[in-house]
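Participant: Position one of the first sequence corresponds to residue 115 (our numbering), numbered consecutively onward.
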Amino acid sequence: MKARLSEIGLTVSAWYRAGHRALPWRETDDPYKILVSEIMLQQTRVETVIGYWKRFLEVFPDIASLAGADTEQVMNMWQGLGYYARARNLQKAAQMVVREYHGRFPELPADIRRLPGIGAYTTGALASIAFGLPVPAVDGNVLRVTSRLLLLEGDVGTPGVKRGVEAFVADMIPTGSASDFCQGMMELGATICTPTSPVCSSCPADKLCLARKTGRQLEFPHKQAKSPPVESRQIVCLIRDESGRILLQNRKEGLLSGLWGIPHFESDNDEPDADALMERLGLTGLDAPEAACDRIHPLFAEGFVGTVTHVFTHRKWNMEIWSFLWRDLSDGPGPAEDFTWFAPDRLSGIPIPEAFRKVLRLAGKQPPEEKRKNT
DNA sequence: AATTCGTGGCT
DNA sequence: TAGCCAAGAAT
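Written out as structure tokens, the structure reads:
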């Protein structure tokens, strides 16, 4: 078996050396820049990452600049990329490298693994790509490729099977070619050994693949189906003041934390519930359910704007947008501390997730803002 | 082990 | 089109 694994490793690394896609992070040997690419690439497509990676490194060209940056600006560079905990963990990792390793990126896999946001895969990727160490980097590509090559019957979603694959892959790594092999396995999965239509006739490991030999390529990898997103009805409250500014909340935890959001709450009622909105805004000094339409109340309901749907990995928001005017009634109470008023022309400069940008576009509070392109 | 955490492209 | 999926990690 080991001879077989070793032959696969030599074949894949040689294939990678002979030719591969030119990706920008393959033109550097700076561990920091490679780290940024690896974090961005987690569960994210290459084409999407390219533009973000270039822009990010223009603003944070080295690990010290990222460590010392304003977190809001880091989130801003990440806006639209998703999985925002990655951005906050990346900055924490940068700060840890600066503080505990004097800005010198740690080479020991055990040290790399301790950095926030870096798990088994990213540790292997950095160790092998940036430092040439023989450490397995098992991502979704490698799970698929390996499960096909070896006809692995286990569910690749389970930690046990994944550890088993790591052991197999570790025995594939050719001496002195850890980087080419690591990237070769992923390149193979991304360009040849694809999920639904593998091009086996072009595969360098054609003769070594047990799935190919038995015509069972599409049966692998085995994985259990994910449960569909849970739907909910969200009442989204677009609140502007008399000077046209919009009220946003800095989200502190859970979904979309670290980004600015439009005040909203889950509801199954037909009309927006004034009590729920008051509670959402932290306005405990006021009462009366009818208050949202009362003339002496700061919040004046202007009416229904429209609906927006947004699907997250495991949630689906069916948003109903309602418009309110916040009237300055001299001494009245204001929104809670995590709320801030923003002029419409400031919205393009702060991190706001796609779900709420859709709402802003619907309401015409923000220019359509051309989609970021890879340049 | 099972959930949580975004977004966009593709079938 | 509704679901699947992408260079996963944290809890």
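Glycine included, each C-beta is placed from N, C-alpha and C at the ideal position.
Mapping DSSP to helix, strand and coil, what is G575?
Facilitator: Any question about residue 575 goes unanswered here, given that the chain covers just 115 to 489.
Participant: Would you list the one or two residues that DSSP bridges to Q156?
Facilitator: None, per the DSSP bridge assignment.
Participant: When the Cα of P318 is compared with those of L204, D253, V259, which residue comes out closest?
Facilitator: Comparing Cα positions, the closest option is V259.
Participant: Given this structure, state the Cα-to-Cα distance separating A292 from V313, to the nearest angstrom.
Facilitator: So the two alpha carbons sit approximately 25 Å from each other.
Participant: Just reading off the beta strand (DSSP E) that C351 is part of, what are its end residues?
Facilitator: C351 -> beta strand (DSSP E) spans 344-355.
Participant: Alpha carbon to alpha carbon, what distance is there between W129 and I153?
Facilitator: Cα-Cα distance, rounded: 25 Å.
Participant: Find out if the Cβ-Cβ distance for the pair F295, S127 is shorter than 7 Å.
Facilitator: Yes, they are a contact pair.
Participant: What would DSSP say about S179, mapped onto helix, strand or coil?
Facilitator: Residue state, collapsed to three classes: helix.
Participant: One question on the structure: do Q338 and D269 come within less than 7 Å of each other, judged by their Cβ atoms?
Facilitator: A contact, by the Cβ cut-off of 7 Å.
Participant: Rounded to the nearest angstrom, how far is the Cβ of G420 from that of I287, given a contact under 8 Å?
Facilitator: Rounded, the Cβ-Cβ distance is 55 Å, inconsistent with contact.
Participant: According to the Cβ coordinates, are P343 and Q363 closer than 7 Å?
Facilitator: Against a cut-off of 7 Å, the Cβ pair of Q363 and P343 comes out as no contact.
Participant: Would you grab the beta carbon distance between L155 and V163 for me? Rounded to a whole angstrom, and I think it's under 8 Å.
Facilitator: The Cβ separation is near 5 Å, so the contact holds.
Participant: Excluding the five sequence neighbours on either side, which residues of its own chain have a C-beta within less than 6 Å of the C-beta of D401, listed in chain order?
Facilitator: For D401, the predicted model reports a pLDDT of 49, less than 50, meaning its position is unreliable; a value from the coordinates is still stated below. So no residue of the chain qualifies.
Participant: Going by DSSP, which residues form a beta bridge with H378?
Facilitator: Partner(s): V350.
Participant: Specify, as a first and last residue, the run of the alpha helix (DSSP H) that F470 falls within.
Facilitator: From DSSP, the alpha helix (DSSP H) with F470 extends over 468-477.
Participant: According to the neighbour-count rule (16 or more other Cβ atoms, all chains shown, within 10 Å of its Cβ), is M115 buried or exposed?
Facilitator: Exposed, since its Cβ has fewer than 16 Cβ neighbours within 10 Å.
Participant: Under three-state DSSP, which class holds N432?
Facilitator: Three-state result, N432: strand.
Participant: Taking its Cβ as the centre, do 16 or more other Cβ atoms sit within 10 Å of P447, making it buried, or is it exposed?
Facilitator: Result: exposed.
Participant: Do you know whose CA, among V473, A281, A469, Q348, lies nearest D382's CA?
Facilitator: It is Q348 whose Cα lies nearest to the Cα of D382.
Participant: Alpha carbon to alpha carbon, how far is E330 from G298?
Facilitator: Checking the sequence, you will find Arg at residue 330 rather than Glu. When rounded, the distance between both Cα atoms is 22 Å.
Participant: Are P467 and L370 close, meaning C-beta to C-beta below 7 Å?
Facilitator: Yes, these two residues count as a Cβ contact at 7 Å.
Participant: Out of curiosity, what's the CA-to-CA distance linking K487 and R169?
Facilitator: Low local confidence applies: a pLDDT of 38 at K487 is under 50, so the model's placement there is unreliable, with the coordinate-based value given in what follows. The straight-line gap from Cα to Cα measures roughly 11 Å.
Participant: Rounded to whole angstroms, what's the CA-CA distance from F334 to A304? Just pull it up for me.
Facilitator: Cα to Cα, the separation comes out at about 15 Å.
Participant: Where does T125 land, buried or exposed, given buried means 16+ other C-beta within 10 angstroms?
Facilitator: By the neighbour-count rule (16 or more Cβ atoms within 10 Å), T125 is buried.
Participant: How big is the Cα-Cα spacing for L229 and R354?
Facilitator: L229 and R354: Cα-Cα distance of roughly 42 Å.
Participant: Name, in chain order, the residues that DSSP records as bridge partners for A415.
Facilitator: Partner(s): F438.
Participant: Please report the distance separating the alpha-carbon of F282 from that of V256.
Facilitator: Roughly 11 Å separates the two Cα atoms.
Participant: Leaving out the 5 sequence neighbours to the left and right, which residues in its chain are closer than 7 Å to K472 when beta-carbon positions are compared?
Facilitator: Here the set comprises V422, H424.
Participant: Pull up the CB-CB distance for P145 and A234, whole angstroms please, since I reckon it's below 8 Å.
Facilitator: Actually they are not in contact, since the Cβ atoms of P145 and A234 sit about 18 Å apart, beyond 8 Å.
Participant: Apart from the five residues on each side of it in sequence, which residues of its chain come closer than 6 Å, Cβ to Cβ, to I464?
Facilitator: Counting only Cβ-Cβ distances below 6 Å, and skipping sequence neighbours, we find W374.
Participant: So, using beta-carbon positions, are L222 and Q205 closer together than 7 Å?
Facilitator: No, the Cβ-Cβ distance between L222 and Q205 is not below 7 Å.
Participant: Could you say which of G278, T308, L265 lies nearest to C323 if we only look at CA atoms?
Facilitator: Taking only the C-alpha atoms, the option nearest C323 is L265.
Participant: Alpha carbons only, please: which of R441, L391, E141, S346 is nearest the one belonging to R429?
Facilitator: Here the closest residue by C-alpha is S346.
Participant: Note down the Cα distance separating R262 from M210, rounded to an integer number of angstroms.
Facilitator: Going from the Cα of R262 to the Cα of M210 covers about 39 Å.
Participant: Identify, in the order they occur along the chain, each residue of the same chain with its Cβ nearer than 7 Å to the Cβ of L149, setting aside the five sequence neighbours on each side.
Facilitator: Answer for L149: L240, listed in chain order.
Participant: For T125, name the three-state secondary structure that DSSP assigns.
Facilitator: Note: T125 maps to helix in three-state DSSP.
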